[in-house]
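Contents: one structure, followed by commentary.
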Amino acid sequence: MTAVDDRPQAEIGSPRLRKEDQRLVTGRTRWTDNLQLPGMQHLAMVRSPFAHARITGLDTAAAKSAPGVMAVLTGADVKDLQGSMACAWPITEDQKAPAHPAIAVDRVSFAGEIVAVVVARTAAAARDAAELVDVDYEELPAALDLKRAAADEVLAHPDLGTNKSAFWQYDSADAGTGGAVDEAIDKARTDGIVIEREYRQQRLIPAFMEPRSVVCDPTGEQLTIWSATQVPHFVRIFTALVLGIPESKIRVIAPDVGGGFGGKLQHTPEEVVTVLAARHTGKPCKYTETRSESLVSAHHGRHQWQRLTLAATKDGTVTGLKVDLLADMGAYLGLVTSGIPILGAFMFNAIYKFPSYQFNCTNVFTNKTWTDAYRGAGRPEATFAIERLMDELAVEVGVDPLEIREKNWIRHEEFPFTTVAGMTYDSGNYEAATARAKELFGYDALRREQQERRDRQDPVQLGIGVSTFTEMCGLAPSRVLGALRYAAGGWEHASIRMLPTGKVEVVTGTSPHGQGHETVWSQIIADRLGVPFEDVEVLHGDTQIANRGLDTYGSRSLVVGGQALVLAADKVIEKGRPVAAHLLEASVADIEFADGRFSVKGTDKGKSMAEVVWEAFTCHDLPDGIEPTLDSDATYDPVDFSFPHGTHLCAAEVDTETGEVKLRSYVSVDDVGVIMNPMIVAGQLHGGIVQGIAQALWEEAVYDEHGTLVSGSFVDYTLPTAADTISFVNDHTVSPSTTNDLGAKGVGEAGAIASTPAVVNAIVDALRPWGVRDVRMPCTPERVWRAIRSAGAREAEPTTDSAQPHFDAGAPNQDEPGSGATEQNGEVQ
Amino acid sequence: MIPAPFDYVAPTSLADALAALADSGDEVKVLAGGQSLLPILRMRLNAPDRVVDLGRVEELRGITEEGDSIVIGAMTTYAELLASDVVREHAGLLTKAVQEVADPQIRHRGTVGGALVHADPAGDVGAPVLALEAELVITGPAGQRTVPATEFFQDLFETAVGEGELLTAIRVPRHTGWGSHYEKFVRVVHQWSIVAVGATVRVENGLIAEARIGLTNMGSTPLRARAVEDALVGGPATQDSVREACAAAAEGTNPPSDLNGDSDYRRHLATVLSRRAVLAAAGV
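Residue numbers (our numbering), protein chains in the order written: chain E, 176 to 1004; chain C, 48 to 331.
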């Protein structure tokens, strides 16, 4: 033994290049649409052009006789086979929901709904024949505007009798986590500050890179389904439940999947239709959507009206927050549609110590594409609302927005802290993250520049936006999910196979679709078991291989799945100890394991992991009672969520002549706990921040007055590219999570949650001198320009205390001048 | 991409291309760079019986100098135009505008002639061609004719190119020594212009001696802002003077209202962007 520390450098924390990238980036891999099976048929969907209509006639004769067509199936053909798509999250006992057929039978409820499917020898033949399917529709009035839908003016589903699906409340007084919010508001009305605002979370489209694709092979004993999905395990269970096929007869494979952002957290009608077509024809069938189909029929995200009342003392100490949400479900409840806004219930209080809190949410049906999970899922909406409100409070009190936050946030020494929403935050350091962010941003210098621009009435004004956010990650402790009436648990599973030649196969129940799990899981195993990074193969996404798992969403893979992996690795070591003890002729109690080597305490005797694995494999000379394998697996149910946080600062230049907003600088200091791979974390942050900025500035799913998706292609659904963004400055503080051995908190959604309010706060901050209090998202140049113009018209009016708007019945304060609101396409924008 | 079925013809000479067109019925589409036609076919917004692909007609490509004009073959790609020093020096506004078209992939496939015949008023080539007072060379069964840009753009997606005819070249008068700028306003960079203004001016002794202003997406065709041009000429190339002249930029326009902005907003933008374009073109 030498005194030199010759241990390999730790893999955890190393910016390893992603081992999966060569095949993913070049496309030389198994995407679902690349699959070609013998005798495979291709599907084309016929979709409704109407938002709400009765199907009065459906003639498939011409399509059936078209060249290459094998079958045409309509809702009437499959109505006894197709069941109803399932919602796994009935948030209340009396939640209302319409039946959700994969193929509409007699009525369509959104433009894009499937009314028939053509099965043909080639994709082109299927597409051509789909044009020949003749459908007669009798248009019905459509429920399109969310507020009007909530008033039941027009019913999205007439048989339901109402558009309201469910009402869900969290009240801190009832829950015993705080006081009564109405008392706090009443008190603030007499001797404090009450801020009342209404914000709109526009409807967004996840717009993953790889369109959805599904292949079903009905030959053989098990039905095999390949799908571009985030959730192969869910697809298996729900295929069984919806179609009444024994789960044991179904194998689902998510091969390489090109992104999801929550948009592939779904069991889709297209998956059901493909299975039906394959069983009907007895042939393997493939369906791959076009981008236009994807935009109209893959689920959308967000879409809420948020009425918010914040009560505070005169010095800016918040005393209560009341939240009233209208959440647009769209036409149906998807897998977790109804629970998405509810995830926000625990995050409106964010990093602050609010003494009272009430969250009310009404879920409403409309005749639009249904909504469901989209990166952040409920938490970006909550974060946006509270971070906008804290800026408004700062203005009201007359202090810097960071000062008002510091006055109200949980101090570092107060962790662990149980919030007014009943969550226990294990660790965090908002002071450190904010101090670092200010330093990197040059906060004081930018504030000076802002003042100079104001003083010289520069047509380009500067705004500084703050977002000090937290989120709950690591979905989820099963008991919490049970309490929220979610149908499944939140555990995760990992298996480790120690191969005889010293290589390692790791099986994870998570289902990566671009995140880089193969790299990070390899890094963890390399450190834990002392095997080379290159010797670890990570398997996932096939229910025959990864038989247990709950897939990837909600920043859960590392925090929950990674912990399962750690526990499985611990078992490998434990199983290796007696084998090593036997080889080394020592007692098990004297065997230590470090750096890939079992050794006898106090001696230089030892055996490598590979030697021990080989011994277990050959099993020539093992004592009785020793299981001849080191293979291990573990299922881990998290004890709590994890709570990443961060301070994001955005400087934006607003051209007051055109309304154009240009980002000037963007700094994030995130605390995601211990970082496994800094390069992957940077990638998650960059992408997430851009996605959040996109909500603030660019993206919206816009429907016209007929319920047609106007932004139905990438011409009108304006996704940003790298050319539209700036370089971000990302740094970190590290407060390890105390709820898992890795100390990790999750980073998949952080950027998207934090950046939206930072950008809008910057825009509004730039325009405060004009009296602008809000600009509706996306903050298009036109909206910004109109906000300046209409606010300018009010400049002569004296500002008094009563200028602070209050909610009156039916009079949302956003509609007054200065809010940037315009009536557009039958919906108040 | 799965368009509706069509016949495909790929002639290798202009004569063959014209013959292929003559030989086709009404439902024929000419394929140049395909950057507008292919999406339309893919979404089945149009289902022609026949597509005549000009991609192999070499004689329609390239940039040459002929006397006082620069002649640009209709099948010249944006990228080829951008690489041309001749265009940069003598018709700088075209270079400035074309470098703002979409993204590099599209600029490598899309053609100047294809964009002009497609005649989308939000396209970036029309306004500079109009402002530079170019002539469009149209060839048909009866031979070749030349129309001025003012007569070329007739309406939304409509040009002077008749049935059986092809746009074969763009003849741009030299504007040597003129300054130019194309001010394009978009929300994301790969987008069609919400409004854009192309300005090219000749400055003499601090005064604007000549000015040409083209407007993109301010009506159903590219437009000339003649009121602005008249107000500029003879005036000083200064902030105040140019601002005053450009107040008339939206005069006589009829801009659309869509997701990116209502028409009144576009009218306002036209004045701001015109001022910025002229000042940049004049080097102020």
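Backbone N, C-alpha and C define an ideal beta-carbon position, used for all residues, glycine too.
So, helix, strand or coil for residue i, using DSSP?
i, result
"residue 673 (chain E)", "strand"
"residue 53 (chain C)", "coil"
"residue 538 (chain E)", "strand"
"residue 391 (chain E)", "strand"
"residue 823 (chain E)", "strand"
"residue 137 (chain C)", "helix"
"residue 527 (chain E)", "strand"
"residue 611 (chain E)", "helix"
"residue 828 (chain E)", "strand"
"residue 907 (chain E)", "strand"
"residue 352 (chain E)", "coil"
"residue 200 (chain E)", "helix"
"residue 327 (chain E)", "coil"
"residue 163 (chain C)", "helix"
"residue 513 (chain E)", "helix"
"residue 497 (chain E)", "strand"
"residue 245 (chain E)", "strand"
"residue 662 (chain E)", "coil"
"residue 780 (chain E)", "coil"
At least one CB of chain E closer than 7 Å to the CB of residue i: is that the case?
i, result
"residue 87 (chain C)", "no"
"residue 308 (chain C)", "yes"
"residue 312 (chain C)", "yes"
"residue 248 (chain C)", "no"
"residue 49 (chain C)", "yes"
"residue 164 (chain C)", "no"
"residue 218 (chain C)", "no"
"residue 259 (chain C)", "no"
"residue 154 (chain C)", "no"
"residue 234 (chain C)", "yes"
Is any beta-carbon of chain C found at less than 7 Å from that of residue i?
i, result
"residue 378 (chain E)", "no"
"residue 421 (chain E)", "no"
"residue 343 (chain E)", "no"
"residue 206 (chain E)", "no"
"residue 964 (chain E)", "no"
"residue 356 (chain E)", "no"
Identify the continuous alpha helix (DSSP H) that holds residue i and give its terminal residues.
i, result
"residue 84 (chain C)", "84 to 89"
"residue 116 (chain C)", "No alpha helix (DSSP H) contains residue 116 (chain C), which is instead part of the beta strand (DSSP E) from 116 to 120."
"residue 926 (chain E)", "925 to 941"
Suppose the cutoff is 6 Å on Cβ atoms and the five residues either side in sequence are ignored; what does the same chain contact list for residue i look like?
i, result
"residue 979 (chain E)", "Annotation note: pLDDT 48 at residue 979 (chain E) (below 50); position unreliable, coordinate value reported separately. Result list for residue 979 (chain E): empty, nothing under 6 Å."
"residue 57 (chain C)", "100 and 103"
"residue 689 (chain E)", "434"
If I measure Cβ to Cβ from residue i and keep anything under 8 Å in the same chain, skipping five residues before and after, which residues do I get?
i, result
"residue 767 (chain E)", "773, 774, 775 and 776"
"residue 329 (chain C)", "226, 248, 250, 255, 284 and 289"
"residue 459 (chain E)", "212, 213, 214, 215, 216, 390, 391, 392, 393, 394 and 453"
"residue 215 (chain C)", "61, 107, 120, 121, 160, 184, 185, 186 and 191"
"residue 239 (chain C)", "167, 169, 170, 233 and 264"
CB-CB under 7 Å to residue i, same chain, minus the five flanking residues each way: which ones, in chain order?
i, result
"residue 456 (chain E)", "216, 245, 246 and 294"
"residue 350 (chain E)", "597"
"residue 832 (chain E)", "634"
"residue 322 (chain C)", "289, 290 and 293"
For the beta strand (DSSP E) containing residue i, name the first residue and the last one.
i, result
"residue 187 (chain E)", "Neither: residue 187 (chain E) is in no beta strand (DSSP E) and is coded neither H nor E."
"residue 555 (chain E)", "Premise fails: residue 555 (chain E) lies in the alpha helix (DSSP H), 554 to 572, not in any beta strand (DSSP E)."
"residue 367 (chain E)", "367 to 379"
| request: Mind listing, in chain order, the continuous beta strand (DSSP E) runs of no fewer than 3 residues lying wholly within the region 240 to 284 of chain C? | output: Runs of the beta strand (DSSP E) lying entirely within the region 240 to 284 of chain C, each at least 3 residues long, are 242 to 251 and 254 to 263 in chain order.
| Unbroken stretches of the alpha helix (DSSP H), 4 residues or longer, contained in the region 393 to 429 of chain E | The qualifying runs are 407 to 418.
| task | Just list the beta strand (DSSP E) runs in the region 676 to 727 of chain E, keeping only unbroken ones of 3 residues or longer that don't cross its boundaries, in chain order. | result | List check, beta strand (DSSP E) in window: 679 to 683 and 711 to 715.
| request: Any chance you could list the alpha helix (DSSP H) runs of at least 4 consecutive residues sitting entirely within the region 440 to 492 of chain E, in chain order? | output: Segments of the alpha helix (DSSP H) lying fully in the region 440 to 492 of chain E: 444 to 456 and 466 to 472.
| request: Output the residue ranges of the beta strand (DSSP E) runs that lie fully inside the region 582 to 635 of chain E and measure 3 residues or longer, sorted by chain position. | output: Within the region 582 to 635 of chain E, no run of beta strand (DSSP E) at least 3 residues long lies entirely inside it.
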